[in-house]
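Counting from -18, one number per residue, gives the positions in the sequence shown under my numbering. No residue lacks a Cβ here, since even glycine has one placed at the ideal position from N, Cα and C. Report on the structure given below.
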Amino acid sequence: MIHPAPRIKHDGICRAALDREAEREAIFAAALYRCEVCRMPVNRYGTAQLAHRIPATVANLKKYGAEIIHHRLNLAPVCGLRCNDAVLIGGDPQAREELVDRILAVKEKEA
Ligand SMILES: [Zn+2]
-18 MIHPAPRIKH DGICRAALDR EAEREAIFAA ALYRCEVCRM PVNRYGTAQL AHRIPATVAN
42 LKKYGAEIIH HRLNLAPVCG LRCNDAVLIG GDPQAREELV DRILAVKEKE A
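Listed below in structure tokens is the structure:
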């Protein structure tokens, strides 16, 4: 039985991590490194954050899948915890479904 070379597997993992980092950077750049909520620089408290609009809870990951939950449209550049809370739409079913529909439409276009 032939096993895949560990090196190839390792490269794949690294590339995925790089893609995620590039995606994060692209989201911050598109927002001009400003907090989506308060419009202050995202790093005003030290570390810029990408907040999940639909929270990345175990239940939501199970319901919607990681591709929806970690999609760029579900991520908002914010400066800190208070602004992080302000982008949450976990408790608003209609807003949540609209966002999921929008992400699915974008994913379909990109496929
Ligand atoms: Zn803010």
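Let me know the secondary structure DSSP gives VAL59 once reduced to three states.
Translated into positions along the sequence shown, residue 59 becomes position 78. It is a strand residue.
Which of the three DSSP states is assigned to ALA(-2) in this structure?
Here residue -2 is taken as the residue at index 17 of the sequence shown, counted from 1. If DSSP states are grouped into helix, strand and coil, ALA(-2) belongs with the helices.
Going by Cα to Cα distance, which pick from ARG(-4), ILE35, ASN65 is closest to GLN75?
For the purposes of this step, residue 75 is identified with residue 94 of the sequence shown, where counting begins at 1. Measuring from the Cα of GLN75, the nearest candidate turns out to be ILE35.
In three-state DSSP terms, what is ARG15?
Counted from its first residue, the sequence shown places residue 15 at position 34. Correct three-state label for ARG15: strand.
Is it buried or exposed for GLY72, if we count other Cβ within 10 angstroms and need 16 for buried?
Here residue 72 refers to the residue found at position 91 when the sequence shown is read from its first residue. Its Cβ having fewer than 16 others within 10 Å, GLY72 is exposed.
Count the other CB atoms, across all protein chains shown, that sit within 10 Å of the CB of ARG77; report buried if there are 16 or more and exposed otherwise.
Taking the first residue of the sequence shown as 1, we reach residue 77 at position 96. It is buried - the Cβ of ARG77 has at least 16 other Cβ atoms within 10 Å.
Where GLU79 and ILE8 are concerned, what is the direct C-alpha to C-alpha distance, given to the nearest angstrom?
As a working mapping, residue 79 is identified with position 98 in the sequence shown. As a working mapping, residue 8 is identified with position 27 in the sequence shown. Near 20 Å, if we compare the C-alpha coordinates of ILE8 and GLU79.
In angstroms with no decimal places, state the Cα-to-Cα distance between ILE(-11) and LEU(-1).
As a position in the sequence shown, residue -11 is number 8, starting the count at 1. As a position in the sequence shown, residue -1 is number 18, starting the count at 1. Annotation note: pLDDT 42 at ILE(-11) (below 50); position unreliable, coordinate value reported separately. Approximately 15 Å between the Cα atoms of the pair.
Could you tell me if ILE47 is buried or exposed, where buried requires 16 or more neighbouring beta carbons within 10 angstroms of its beta carbon?
Start at 1 with the first residue of the sequence shown, and residue 47 comes out as number 66. Reading off the sequence shown, one finds Ala at residue 47, where the question assumed Ile. It counts as exposed.
On the CB-based measure, 16 or more other CB atoms within 10 Å of its CB, does GLY61 come out buried or exposed?
Indexing the sequence shown from 1 puts residue 61 at position 80. Flag for GLY61 reads buried.
Would you say the beta carbon of GLY27 is closer than 7 Å to some non-hydrogen atom of ligand 1?
Within the sequence shown, residue 27 is the residue found at index 46, counting from 1. False, no ligand heavy atom lies under 7 Å from that Cβ.
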